[in-house]
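Residue numbering for the sequence shown is 18 to 372, as defined by this note's numbering. Quick notes on the structure that follows.
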Amino acid sequence: MKQTELDFYKGKRVFVTGHTGFKGAWLCRILTGAGAVVTGYSLPAPTEPNLSGLSGLEGKMTSVIGDIRDREKLQAAFQAADPEVVLHLAAQPIVRDSYKDPAYTYETNVMGTVNLLECIRLSGRVRSFLNVTTDKVYQNNEWVWGYREEEPLDGFDPYSNSKSCSELVTHSYQSSFFQGSATAVSTARAGNVIGGGDFANDRIVPDCVRAAQAGKAIVVRNPHSTRPYQHVLEPLFAYLLIARRQYEDGAFAGWYNVGPDECDCVTTGELVDLFCRTWGDGLRWENRAEKNAPHEANFLKLDCSKLKAASGWRPRWHIGEAIEKTVEWTRVWLSGGDVPAEMDRQIAVYREEYR
């Protein structure tokens with residue numbers, strides 16, 4: 018079975034938290050297209066417009082609107098879904114928002130993970146659980162080389178640290194309750210994702226899209242920070258690969274970095290330059306560094322050797338292609354075109370390039 022073949026998911030009962038978010042909507046579009054029986058549990062979509070509402074998923078899956086902190090409601094939705102595979106994407110994902118409301122961030126990202134793991138523990142029927150965290154879980158020493166999975170977990174800001182805690186909670190449950198059981202448990206630490214349909218605040222590509230739409234210059238806070246950027250389909254297919262492989266063989270379970278090749282770890286300024294060239298129309302950007310801005314890492318890379326060696330997985334779309342696909346999706350949306358068809362087209366193109 019090829020690593021991107023989705024036949025495995027046909028008829029599988031899959032529970033996705035955070036399905037109304039950017040990554041969650043793309044993931045559910047992939048899964049429903051593959052014939053999975055999908056239940057999503059999430060807060061209402063965090064932005065307007067939002068990809069969840071644009072992606073044509075209504076009627077193709079069960080959507081439960083609820084707070085991951087509400088264990089009783091989560092448990093009811095979980096029992097009704099009776100899943101075999103669980104993909105945990107629900108989170109408060111914005112670094113700056115975590116400085117504004119750290120308690121909510123920890124409640125969502127840590128206790129939300131506990132609540133979901135309790136559902137899995139009490140069910141006894143889940144075969145594969147994947148907790149999606151972030152590349153920011155590591156103690157960041159501003160190294161020029163990529164972090165490996167055995168590096169210390171100690172995110173600096175409340176968002177990053179709460180995801181470090183989510184990792185530790187997952188490790189504890191795996192050791193305490195799932196060791197030797199039929200439930201395989203993994204975490205996936207992904208880098209910065211870009212793609213069509215991300216409307217979040219405080220993210221550089223959505224800022225680029227909003228500026229292009231308004232005919233204004235893009236405002237860039239820190240053009241010199243380096244991040245591992247990748248198209249959203251890259252980590253999503255890696256998540257599905259991990260979830261499938263550990264379902265079939267529990268020995269595959271573990272902790273995996275999911276990021277681009279080193280050539281796609283670029284500065285924010287380089288990313289915005291590329292967006293401007295791809296968009297055209299004279300789009301430009303301005304450097305407006307903030308004084309007394311909240312701390313964010315300046316340099317961050319991942320070493321993804323473990324996943325590559327274990328599965329043969331490789332990223333396929335470099336940063337230029339990722340930006341092109343983002344611009345293509347955005348132009349379809351802005352023109353009132355068929356967004357679900359564009360999503361399916363990009364998914365099909367991505368899958369074809371793996372063959």
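All C-beta atoms, glycine included, are put in the ideal place defined by N, C-alpha and C.
Asked: Beta-carbon proximity check, Trp272 vs Glu184, cutoff 9 Å; Found: yes
Asked: Gln247 beta carbon less than 9 Å from that of Val210; Found: yes
Asked: Sufficient close CB pairs (3 or more, under 8 Å) joining the segment 354 to 362 to the segment 232 to 240; Found: no
Asked: Limits of the unbroken alpha helix (DSSP H) element including Asn304; Found: From DSSP, Asn304 is part of no alpha helix (DSSP H) but of the beta strand (DSSP E) over Trp302 to Asn304.
Asked: Residue span of the alpha helix (DSSP H) that contains Ala228, given as start and end; Found: Ile221 to Ala231
Asked: Cβ pair count under 8 Å reaching 3, the segment 108 to 125 against the segment 167 to 178; Found: yes
Asked: Within 9 Å, strictly: CB atoms of Ala217 and Thr347; Found: no
Asked: Residue closest to Gly232, alpha-carbon to alpha-carbon, out of Arg301, Gly213 and Val344; Found: Arg301
Asked: Residue nearest to Asn67 in terms of C-alpha spacing, selected from Arg46, Gly38 and Leu60; Found: Gly38
Asked: Burial state of Trp296 (16 or more Cβ within 10 Å); Found: buried
Asked: Residue environment, Pro245, which counts as buried when at least 16 other CB atoms sit within 10 Å; Found: buried
Asked: Whole-angstrom distance between Ala62 and Ala161, CA atom to CA atom; Found: Sequence inspection shows Val at residue 161; the Ala mentioned does not correspond to that position. Those two C-alpha atoms are separated by around 36 Å.
Asked: Selection from Lys325, Ala97, Gly57 and Gly172 that minimises the alpha carbon distance to Ser115; Found: Gly172
Asked: Top-ranked residue by Cα proximity to Ala255, from Arg368, Leu170 and Ser189; Found: Arg368
Asked: With 16 other Cβ atoms within 10 Å as the buried cut-off, status of Cys280; Found: exposed
Asked: Nearest residue (CA-CA) to Lys29, options Lys40, Thr49 and Ala42; Found: Thr49
Asked: CB of Lys180 within 9 Å of CB of Val154, strictly; Found: yes
Asked: Contiguous beta strand (DSSP E) assignments of at least 3 residues, all confined to the segment 38 to 91; Found: 54 to 59 and 79 to 82
Asked: Where Leu106 falls: helix, strand or coil (DSSP); Found: coil
Asked: Status (buried if at least 16 other CB within 10 Å, exposed otherwise) for Leu147; Found: buried
Asked: CB of Phe195 within 9 Å of CB of Phe95, strictly; Found: no
Asked: Ala205 - partner residues in DSSP beta bridges; Found: Val149 and Tyr273
Asked: Other residues of its chain near Tyr190: CB distance less than 6 Å, five sequence neighbours each side excluded; Found: Leu134
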